[in-house]
Amino acid sequence: MSSAAAEDVPILRGRDLTKTYRLGEQRVPAIAGLDFDCHAGEFTALEGPSGSGKTTLLNLLGLLDRPDGGSLLLDGEDSAALDENARARVRLRRFGFVFQTFNLIPVLTARENVEYPMALADVSAREREERARALLSSVGIAEKEGVRPDLLSGGQRQRVAIARALANDPEIVFADEPTANLDSRTAAEILDLMRRLNEERRVAFLFATHDPRVVERARRVVVLRDGAIVEERR
Numbered sequence: 001m002s003s004a005a006a007e008d009v010p011i012l013r014g015r016d017l018t019k020t021y022r023l024g025e026q027r028v029p030a031i032a033g034l035d036f037d038c039h040a041g042e043f044t045a046l047e048g049p050s051g052s053g054k055t056t057l058l059n060l061l062g063l064l065d066r067p068d069g070g071s072l073l074l075d076g077e078d079s080a081a082l083d084e085n086a087r088a089r090v091r092l093r094r095f096g097f098v099f100q101t102f103n104l105i106p107v108l109t110a111r112e113n114v115e116y117p118m119a120l121a122d123v124s125a126r127e128r129e130e131r132a133r134a135l136l137s138s139v140g141i142a143e144k145e146g147v148r149p150d151l152l153s154g155g156q157r158q159r160v161a162i163a164r165a166l167a168n169d170p171e172i173v174f175a176d177e178p179t180a181n182l183d184s185r186t187a188a189e190i191l192d193l194m195r196r197l198n199e200e201r202r203v204a205f206l207f208a209t210h211d212p213r214v215v216e217r218a219r220r221v222v223v224l225r226d227g228a229i230v231e232e233r234r
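Shown next as structure tokens:
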């Protein structure tokens with residue numbers, strides 16, 4: 001394959017994806033025959049009301065859940081062939097995750113939280129420390145490296161979470177409502193930070209959001225309703 005052709009291959013390609021959840025005796029479709037591609041360096045917002053399928057799609061693309069039907073290709077290879085250990089390795093080494101509730105480990109300092117995924121990837125202690133400090137500096141809170149999450153503001157905790165998401169140099173960062181628990185000023189700062197990191201590092205960011213501030217900054221907006229894509233804007 002030529003280099004130009006290789007660049008045209010999405011990192012992730014979903015085709016006819018379906019996902020249904022059972023609520024008691026009722027089966028509720030969350031994703032209904034959806035196609036979706038994610039390329040390197042994108043800054044994409046999945047927009048839609050609650051229940052539109054945004055988080056479900058994010059979880060399928062991030063290999064946190066499996067589709068009931070359809071295919072999800074990773075670099076052209078069907079992810080269905082990956083067992084749980086292989087899926088975990090992909091999430092650890094190629095993906096990063098930012099959650100609206102931060103999901104930091106409360107007993108660890110900011111730097112130790114950033115180091116944690118590197119430790120799982122068998123990065124040496126010295127390199128973990130150096131890389132974690134550089135990442136905390138890049139998100140603007142180098143001086144908080146020895147502070148635990150409970151002593152940080154919401155914006156500072158989200159900056160730590162972003163640094164942690166970047167710890168293993170991922171190709172895609174999945175961000176589920178990352179501004180939901182932040183005030184307007186802090187949310188704007190966090191989004192500007194993510195956009196800068198996207199441009200500097202060429203890491204793709206994929207957001208599930210109903211926040212218009214995220215949508216305004218996105219270079220690609222995919223609108224979901226009832227588990228289907230109803231509009232796409234660039």
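Position 115 of the sequence shown, counted from 1, bears residue number 115 in my numbering, the numbering being contiguous throughout. Backbone N, C-alpha and C define an ideal beta-carbon position, used for all residues, glycine too.
(request) Under 8 Å by Cβ, that's how I've got L73 and V90 pegged, so tell me the actual separation to the nearest angstrom. (result) V90 and L73 do not touch by the CB rule: their CB atoms are close to 12 Å apart, not below 8 Å.
(request) Would you check if there are 3 or more beta carbon pairs closer than 8 Å linking the region 116 to 126 to the region 92 to 104? (result) Yes: the two stretches touch, three or more of their Cβ pairs being nearer than 8 Å.
(request) Have a look at the DSSP bridge pairing and note the partners of Q26. (result) For Q26, which the question treats as bridged, DSSP gives the partners L23.
(request) State the Cα-Cα distance for the pair R220 and R234, rounded to the nearest angstrom. (result) Taking the straight line joining both Cα atoms gives about 4 Å.
(request) Indicate whether F36 and R13 have their beta-carbon atoms separated by less than 9 Å. (result) It is a contact, given that the beta carbons lie within the stated cut-off.
(request) Out of L152, R111 and P149, state which residue places its alpha-carbon closest to the alpha-carbon of L136. (result) For L136, the closest alpha carbon among the candidates L152, R111 and P149 is that of R111.
(request) Can you tell me the Cβ-Cβ gap for T62 and F97, rounded? I've got them flagged as a contact below 8 Å. (result) Thr is not the amino acid found at residue 62; the sequence shown has Gly there. Sure, about 7 Å apart at Cβ, within 8 Å.
(message) Can you give me the C-alpha to C-alpha distance between D68 and K19, rounded to a whole angstrom?
(response) Our two residues, D68 and K19, have alpha carbons roughly 5 Å apart in a direct line.
(request) For L191, I'd like the list of residues in its chain whose CB is within less than 7 Å of its CB, leaving aside the five on either flank, ordered along the chain. (result) Result list for L191: T179, R213, V214 and R217, in chain order.
(request) Identify whether T109 lies in helix, strand or coil by the three-state DSSP scheme. (result) Note: T109 maps to coil in three-state DSSP.
(request) Could you tell me whether the Cβ atoms of G53 and D226 are closer together than 9 Å? (result) If you check the CB distance, G53 and D226 come in under 9 Å.
(message) Taking 8 Å as the limit between beta carbons, can you name the residues of its chain near V160, skipping five residues before and five after?
(response) So the qualifying residues of the chain are F102, L104, A110, N113, V114, L136, V139, I141, K144, P149 and L152.
(message) Distance check for N181 and L193, CA to CA, integer angstroms please.
(response) Taking the straight line joining both Cα atoms gives about 17 Å.
(request) Go to S138, then tell me how far its beta strand (DSSP E) extends in each direction, as first and last residue. (result) Premise fails: S138 lies in the alpha helix (DSSP H), A125 to S138, not in any beta strand (DSSP E).
(request) Report yes if the CB atom of F205 is closer than 9 Å to the CB atom of A167, and no otherwise. (result) It is not a contact, given that the beta carbons lie outside the stated cut-off.
(message) Let me check understanding here. Comparing Cα to Cα, which of A228, P10, D8 and L64 lies closest to E84?
(response) Nearest C-alpha to E84: L64.
(request) Going by CA-CA distance only, name the one from A208, E42, S50 and L17 that's closest to P10. (result) Closest option to P10, Cα to Cα, is E42.
(request) Sort E127, N198, A40 and V147 by Cα distance to P106 and report the nearest one. (result) Selected option, being the one with the closest Cα: V147.
(request) May I ask which residues mark the beginning and end of the alpha helix (DSSP H) holding T56? (result) Per DSSP, T56 belongs to the alpha helix (DSSP H) from K54 to L61.
(message) By the three-class DSSP mapping on this structure, what secondary structure does A121 have?
(response) DSSP places A121 in coil when its eight states are reduced to three.
(request) Return helix, strand or coil for A142, following the three-state DSSP convention. (result) DSSP places A142 in helix when its eight states are reduced to three.
(message) So, at 7 Å on beta carbons, what are the nonlocal neighbours of A40 in its own chain, with the 5 sequence-adjacent residues on each side left out?
(response) So the list reads I11, E171, R202 and A204, once near-sequence residues are dropped.
(request) Tell me whether V9 sits in a helix, a strand or coil according to DSSP, three-state version. (result) The answer is coil: DSSP assigns V9 none of H, G, I, E or B.
(request) Grab me the residues of T44's own chain with a C-beta within less than 8 Å of its C-beta, minus the 5 sequence neighbours each way, in chain order. (result) Short of 8 Å from the beta carbon of T44, and not among the five residues preceding or following it, lie these beta carbons of its own chain, in chain order: C38, A204, F205, L206, F207, A218, R219, R220, V221 and V222.
(request) Following the continuous alpha helix (DSSP H) through D150, name the residue where it begins and the one where it ends. (result) It is not in any alpha helix (DSSP H) - D150 carries neither H nor E in the DSSP assignment.
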